[in-house]
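Comments concern the structure below.
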Amino acid sequence: MDTPAPSSAPPSPSLRWSGLTDCGRVRPNNEDAFLALSFDGHEVRYLGKTGEASLAGTDFVFAVSDGMGGAKSGEFASRIAVDRITKLLPRAFRLSAAGINSGFTEILGELFAEIHADLLQLGFSYEECAGMGATLSLGWFTPEWMYFAHLGDSRIYYLPRDGGITQVTHDHSHVGWLRRKGQLNEREARDHPRRNALNQALGAGHQFIEPHVGAIGHQPGDRFLFCSDGLIDGLWDRQLDELIRTPAPERATQNAAQRLVEVAVQNSGRDNTTAVVVEIPAP
257 MDTPAPSSAP PSPSLRWSGL TDCGRVRPNN EDAFLALSFD GHEVRYLGKT GEASLAGTDF
317 VFAVSDGMGG AKSGEFASRI AVDRITKLLP RAFRLSAAGI NSGFTEILGE LFAEIHADLL
377 QLGFSYEECA GMGATLSLGW FTPEWMYFAH LGDSRIYYLP RDGGITQVTH DHSHVGWLRR
437 KGQLNEREAR DHPRRNALNQ ALGAGHQFIE PHVGAIGHQP GDRFLFCSDG LIDGLWDRQL
497 DELIRTPAPE RATQNAAQRL VEVAVQNSGR DNTTAVVVEI PAP
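Here our numbering is used: the first residue of the sequence shown is 257, the next is one more, and so on.
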């Protein structure tokens, strides 16, 4: 008689990602930046623009940042963000593995507070950095959850496996507030003369920040989009959904980020344009 095979635990989910940033057709430099990192209790590893990996024993971070206040702002902001992430998140992973849950809200709040303080200090200390700041939309993926923190008008979208697209993050602007109140539709918000006026950002002289922090449980087939406002300037939400889920045959061989950025720049290109798409592949 054959001995039954021992039951095994369900496999850990994996992630598939693609990222791309483009200067656009108007601006001479690119102040956008995106991050793709994996980390455990010991180290942080920088990921390529595309890839796929298991969530077993490793967490992942993806983020988009849009700099302001100087040609090097995006570059500075992303460097500072990476530096802070490399210090804080492995420590958080070790605490979680030891059963000490310090809470994602506190960890991400601390991360944003430290980046904010560093950008303010640079702005106060160096004349060429005066007013320097950045938006930041960050997602931290564990086997079951995507924890996020956000400030500014970059965005995170959630595309559940059963269809639809939802903007997860709040635009930190008066126009964003009007849109959430139902006083502006998508087209009116895009055409509003104050659409780019932020009331919160990292650095940029803001004394107090209140990042939007939350969590979404994910399952196979779900997708997430992290993007700068330049992408939104060239694509409506409906087009984002279509380009990610059901691209035209001539774009089917491109990765999702490439499709989004190329079409957005073709349609507008007035601003730097960045997209990172993360998918939980179905087994």
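Don't be surprised by glycine CBs; every beta carbon is placed ideally from N, CA and C.
Bear in mind the structure is a predicted one, so any value in this text is a computation, not a measurement.
- Between the alpha carbons of Val338 and Glu370 lies a gap of roughly 12 Å.
- Ranked by how close their Cα comes to the Cα of Asp296, the residues Ser274, Phe349, Thr398, Gln510 have Phe349 in first place.
- Here DSSP, grouped into helix, strand and coil, assigns Phe295 to strand.
- In this model, Met402 and Asn285 are separated by some 32 Å (Cα to Cα).
- Of the candidates Phe464, Ile421, Asp409, Val469, the residue whose Cα lies closest to the Cα of Arg446 is Asp409.
- Burial of Arg515 is indicated by the presence of at least 16 other C-beta atoms within 10 angstroms of its C-beta.
- Take the alpha-carbon of Tyr382 and the one of Val320: they are about 25 Å apart.
- Here DSSP, grouped into helix, strand and coil, assigns Thr361 to helix.
- Going by DSSP, Val424 is part of no beta strand (DSSP E) at all; its letter is neither H nor E.
- Counted as a single uninterrupted DSSP element, the beta strand (DSSP E) harbouring Arg411 occupies residues 411-415.
- Counting only residues of its own chain and dropping the five nearest sequence neighbours on each side, Val469 has a CB closer than 6 Å to the CB of Thr361, Leu364, Ala405.
- Distance from the Cα of Arg494 is smallest, within the candidate group Ile341, Thr530, Ile465, Gln423, for Gln423.
- Asn452 has its alpha-carbon roughly 12 Å from the corresponding atom of Thr391.
- Annotation: the continuous alpha helix (DSSP H) that includes Val519 extends over 512-523.
- Counting the other CB atoms within 10 Å of its CB gives Trp396 a total of 16 or more, which places it among the buried residues.
- With a cutoff of 7 Å on beta-carbon distance, Val317 and Leu293 are scored as near each other.
- In this structure, DSSP gives Ser268 a state outside helix and strand, which the three-state scheme calls coil.
- Counted as a single uninterrupted DSSP element, the stretch harbouring Val282 is not any alpha helix (DSSP H), since DSSP gives it neither H nor E.
- Sorting Pro476, Gly477, Leu496, Glu384 by C-alpha distance to the C-alpha of Asp485 places Leu496 at the top.
- From the listed residues Arg443, Pro346, Thr425, Leu375, the smallest Cα separation to Ala471 is found for Thr425.
- With fewer than 16 other Cβ atoms inside 10 Å of its own Cβ, Glu506 counts as exposed.
- Restricting attention to Pro416, Leu454, Ile412, the CA atom closest to the CA of Val431 is found in Leu454.
- Distance check between Gln377 and each of Gly459, Tyr413, Arg526 places Gly459 closest, using alpha-carbon atoms only.
- Annotated three-state conformation of Phe404 is strand, per DSSP.
- With respect to Gly389, Met324 sits close: the two C-beta atoms are nearer than 7 Å.
- According to DSSP, residue pairing for Met324 in a beta bridge involves Gly389.
- Taking C-alpha positions only, Ser524 is separated from Ala513 by approximately 16 Å.
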